[in-house]
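S.K.: Supplied in structure tokens, the structure appears directly below.
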């Protein structure tokens, strides 16, 4: 029987595949992690040098250190999420793997944020008086994007497998 408001049969409407919103949010979050890891600065550093007393300011980008790992993890997670979106209903293992990869990227971001003063080979606090290192937008985007993506994909796993 057809509806009076639609020319489409009720059977066809019931089996129409829906776009998984949580997976789309997870894909967007993985994209934010990629941008934050590859392009964004992870730390803004300022410090007064011992010699000369001038203040040195510079930015440290994510690709100098752990940003390479978060970029790789989020790129693989984005491919897995895209596979989930395009295939309709992929294996829960692949979606769960995307959750784990994004969680690892979030933990890497949190550890870098917690220990922002320690950047071996790039920034040596002993060469500066009154040094100050602060998390920049790339690290914030990486950390929060990875955490949001992991939560969204965990919801997608729950929605696909456990519900």
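Numbering (this note's numbering), first residue to last: 1 to 163.
Using N, Cα and C, we set each Cβ at its ideal position, and we do this for glycine too.
A quick note: this is a predicted structure, and the numbers were derived from the prediction, not measured.
Give the single residue among 45, 61, 153, 157 whose Cα lies nearest to the Cα of residue 55.
M.R.: Reading the chain shown from its first residue, position 55 is the one you call residue 55. From the listed residues 45, 61, 153, 157, the smallest Cα separation to residue 55 is found for 45.
S.K.: Out of curiosity, what's the CA-to-CA distance linking residue 103 and residue 133?
M.R.: Start at 1 with the first residue of the chain shown, and residue 103 comes out as number 103. Start at 1 with the first residue of the chain shown, and residue 133 comes out as number 133. For residue 103 and residue 133, the distance between alpha carbons rounds to 25 Å.
S.K.: Sorted by chain position, which residues of the same chain lie with C-beta nearer than 7 Å to residue 30's C-beta, five sequence neighbours on each side aside?
M.R.: Numbered from its first residue, the chain shown carries residue 30 at position 30. Taken in chain order, the residues that qualify are 74, 77, 78, 81, 102, 149.
S.K.: Which of the three DSSP states, helix, strand or coil, is assigned to residue 72?
M.R.: Numbered from 1 along the chain shown, position 72 holds the residue referred to as residue 72. If DSSP states are grouped into helix, strand and coil, residue 72 belongs with the helices.
S.K.: Give the range of the beta strand (DSSP E) segment to which residue 60 is assigned.
M.R.: Numbered from its first residue, the chain shown carries residue 60 at position 60. Per DSSP, residue 60 belongs to the beta strand (DSSP E) from 55 to 61.
S.K.: So, using beta-carbon positions, are residue 138 and residue 61 closer together than 9 Å?
M.R.: Here residue 138 is taken as the residue at index 138 of the chain shown, counted from 1. Here residue 61 is taken as the residue at index 61 of the chain shown, counted from 1. Yes; because the gap between Cβ atoms is below 9 Å, this pair is in contact.
S.K.: Among 144, 100, 89, which residue has its Cα nearest to the Cα of residue 112?
M.R.: In the chain shown, residue 112 corresponds to position 112, counting from 1. Selected option, being the one with the closest Cα: 144.
S.K.: Taking the alpha-carbon positions, what's the residue 34 to residue 136 distance?
M.R.: Here residue 34 refers to the residue found at position 34 when the chain shown is read from its first residue. Here residue 136 refers to the residue found at position 136 when the chain shown is read from its first residue. Residue 34 and residue 136: Cα-Cα distance of roughly 15 Å.
S.K.: Measuring alpha carbon to alpha carbon, tell me which residue in 93, 84, 37 is nearest residue 26.
M.R.: Taking the chain shown and counting its residues from 1, one reaches residue 26 at position 26. Nearest Cα to residue 26 within the set 93, 84, 37: 84.
S.K.: Go to residue 162, then tell me how far its alpha helix (DSSP H) extends in each direction, as first and last residue.
M.R.: As a working note, residue 162 is residue 162 in the chain shown. From DSSP, residue 162 is part of no alpha helix (DSSP H); its letter is neither H nor E.
S.K.: Nearest-angstrom Cα distance between residue 39 and residue 153?
M.R.: Working through the chain shown from its first residue, we reach residue 39 at position 39. Working through the chain shown from its first residue, we reach residue 153 at position 153. Straight-line Cα distance between these residues: approximately 24 Å.
S.K.: DSSP three-state call for residue 91: helix, strand or coil?
M.R.: Residue mapping note: residue 91 aligns to position 91 of the chain shown, counting from 1. Correct three-state label for residue 91: coil.
S.K.: Could you check the C-alpha separation between residue 160 and residue 140 for me, to the nearest Å?
M.R.: Within the chain shown, the letter at position 160 stands for residue 160. Within the chain shown, the letter at position 140 stands for residue 140. Roughly 30 Å separates the two Cα atoms.
S.K.: Near residue 97, what residues of its chain come up, given a Cβ to Cβ distance below 7 Å and the 5 sequence neighbours on each side ignored?
M.R.: Position 97 of the chain shown, counted from the first residue, corresponds to residue 97. Non-local beta-carbon contacts of residue 97 in its own chain, meaning distances under 7 Å to residues more than five positions away in sequence, involve 80 in chain order.
S.K.: Is the beta carbon of residue 105 closer than 9 Å to that of residue 43?
M.R.: Sequence index remark: in the chain shown, residue 43 carries index 43 (1-based). Sequence index remark: in the chain shown, residue 105 carries index 105 (1-based). No, these two residues do not count as a Cβ contact at 9 Å.
S.K.: To the nearest angstrom, report how far apart residue 88 and residue 32 are at their CA atoms.
M.R.: On the chain shown, residue 88 is found 88 positions in, with the first residue counted as 1. On the chain shown, residue 32 is found 32 positions in, with the first residue counted as 1. So the two alpha carbons sit approximately 23 Å from each other.
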